[in-house]
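Protein chains in written order, with the numbering used here: chain A, 1 to 116; chain B, 117 to 229.
For glycine and all other residues, C-beta sits at the position ideal for the given N, C-alpha and C.
Remember, predicted model here, so these are calculated numbers, not experimental data.
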Amino acid sequence: DTGVSQDPRHKITKRGQNVTFRCDPISEHNRLYWYRQTLGQGPEFLTYFQNEAQLEKSRLLSDRFSAERPKGSFSTLEIQRTEQGDSAMYLCASSFVVWTANEKLFFGSGTQLSVL
Amino acid sequence: KQEVTQIPAALSVPEGENLVLNCSFTDSAIYNLQWFRQDPGKGLTSLLLIQSSQREQTSGRLNASLDKSSGRSTLYIAASQPGDSATYLCAVSILEYGNKLVFGAGTILRVKS
């Protein structure tokens, strides 16, 4: 069990550029989540996958955001035409769940995005 | 819309003191409540999870309680240590399928040696 891995740890980009983040969940975990956290706030839910199916998306996830989880393994989160307001820590979490009520999430260390 | 509030926003205590962190939520229709710890620049570590039908959970020096009807939870830390210094986040799960968590802004805890 190597934990949830996120890449890159830090990303600096210019406004208008596209960026892509990767998350490798713990092996055998069937659910994968993306959250976004800004300074001094708790994380906000963006989206989640059950295996390869994307089951829920937040209204925070505008048309510029897209997430995939091909084959139910790693996941990517892409932001197109970045804006300064996209600057945040993007957190990935995974879990193996049978019953949501006792589902425990394992978080990665996050990708810190800075849009200049 | 579910809202989670944590009080106090920051807390500084001497080593060895027992302390209580508070969390309140506006909608009692939750599936579980979780407490997390976050170290600076790092991800979150799950500390305790209380299912909606439960009243409390304990792990080592940590004890979390849940009063769903009043929309409150407390995290009790016994005999605090400098290594407990971190941000503590409370979150409630609002989806029946899928752990869509609504987080509070956290309590920043500093334990002085």
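7 Å Cβ shell around residue i - same chain, five flanking residues per side excluded
i: E83/A; result: R15, V115
i: V227/B; result: V129, E131, S196, Q197, P198, D200, S201
Under the three-state DSSP convention, the category residue i falls into
i: K216/B; result: coil
i: K14/A; result: coil
i: K117/B; result: coil
i: D7/A; result: strand
i: N84/A; result: Note that residue 84/A is Gln in the sequence shown here, rather than Asn. It is helical.
i: K71/A; result: helix
i: N134/B; result: coil
i: N148/B; result: strand
i: D24/A; result: strand
i: D63/A; result: coil
i: Q183/B; result: Strictly speaking, residue 183/B in this sequence is Asp, with Gln absent from that position. Reduced to three states, the DSSP call for D183/B is strand.
Inter-residue spacing [alpha-carbon to alpha-carbon] between residue i and residue j
i: H29/A; j: T111/A; result: 20 Å
i: T142/B; j: E68/A; result: 33 Å
i: R36/A; j: T203/B; result: 16 Å
i: G72/A; j: N138/B; result: 37 Å
i: L80/A; j: N18/A; result: The question names Leu, yet the displayed sequence has Gln at residue 80/A. Between Q80/A and N18/A, the C-alpha separation is close to 4 Å.
i: Q170/B; j: I193/B; result: 19 Å
i: L225/B; j: R177/B; result: 15 Å
i: R22/A; j: S229/B; result: 39 Å
i: T20/A; j: F74/A; result: 13 Å
i: A180/B; j: T223/B; result: 15 Å
Member of the options whose CA lies at the smallest distance from the CA of residue i
i: L91/A; options: S62/A, W99/A, P43/A; result: P43/A
i: V161/A; options: Y33/A, N102/A, Q80/A; result: Residue coverage of chain A in this structure runs from 1 to 116, which leaves residue 161/A outside it and unanswerable.
i: K184/B; options: L217/B, Q167/B, G159/B, P156/B; result: Q167/B
i: S186/B; options: K117/B, G159/B, L163/B, I146/B; result: I146/B
i: L217/B; options: N51/A, K57/A, K11/A; result: K57/A
i: S175/B; options: L165/B, L182/B, S169/B; result: L165/B
i: Y48/A; options: S87/A, N102/A, Q6/A, S66/A; result: S66/A
i: S162/B; options: W151/B, S140/B, G222/B, P156/B; result: W151/B
i: P156/B; options: N215/B, L205/B, F219/B, N134/B; result: L205/B
i: P70/A; options: D86/A, L60/A, A53/A; result: A53/A
beta-carbon residue i near the ligand NAP non-hydrogen atom, thresh 8 Å
i: D143/B; result: Absent from the structure shown: the ligand NAP. Ligands present: none.
Own chain residues within Cβ distance below 6 Å of residue i, not counting five before or after
i: P25/A; result: V4, L32, S94
i: M89/A; result: Q37, G110, Q112
i: L149/B; result: I166, L182, S189, V208
i: V136/B; result: T190, Y192
Cβ neighbours of residue i in the same chain (closer than 8 Å, five flanking residues each side left out)
i: L55/A; result: Y48, F49
i: R153/B; result: L160, T161, L163, A202, T203, Y204, L205
i: L61/A; result: L46, T47, A67
Check your understanding: Going along the segment 94 to 111 of chain A in order, which residues come within less than 8 Å of chain B, judged by CB to CB distance?
Key -> In summary, the residues of the segment 94 to 111 of chain A whose CB is separated from some CB of chain B by less than 8 Å are S95, V97, T100, A101, N102, E103, K104, L105, F106, F107, G108, S109, G110, in the order they occur in the chain.
Practice item. Give, in chain order, every residue of the segment 149 to 167 of chain B whose Cβ lies closer than 9 Å to some Cβ of chain A. Key: Hits within the stretch, in order: Q150, F152, Q154, G157, K158, G159, L160, T161, S162, L165, Q167.
Point to revise | Against chain B: residues of the segment 41 to 68 of chain A by CB proximity under 9 Å | key: Across the segment 41 to 68 of chain A, CB contacts with chain B closer than 9 Å involve Q41, G42, P43, E44, F45, Y48, Q50, L55, E56, S58, in sequence order along the chain.
Practice item. With 8 Å as the C-beta to C-beta threshold (strictly closer), list the residues of the segment 207 to 228 of chain B near chain A in chain order. Key: Only those residues of the segment 207 to 228 of chain B whose C-beta falls short of 8 Å from the nearest C-beta of chain A are listed: A207, S209, L211, E212, Y213, G214, N215, K216, L217, V218, F219, G220, A221, G222.
Exercise for review: Report the residues of the segment 122 to 141 of chain B with a CB closer than 7 Å to any CB of chain A, ordered along the chain.
Suggested key: Result list empty, no residue passes.
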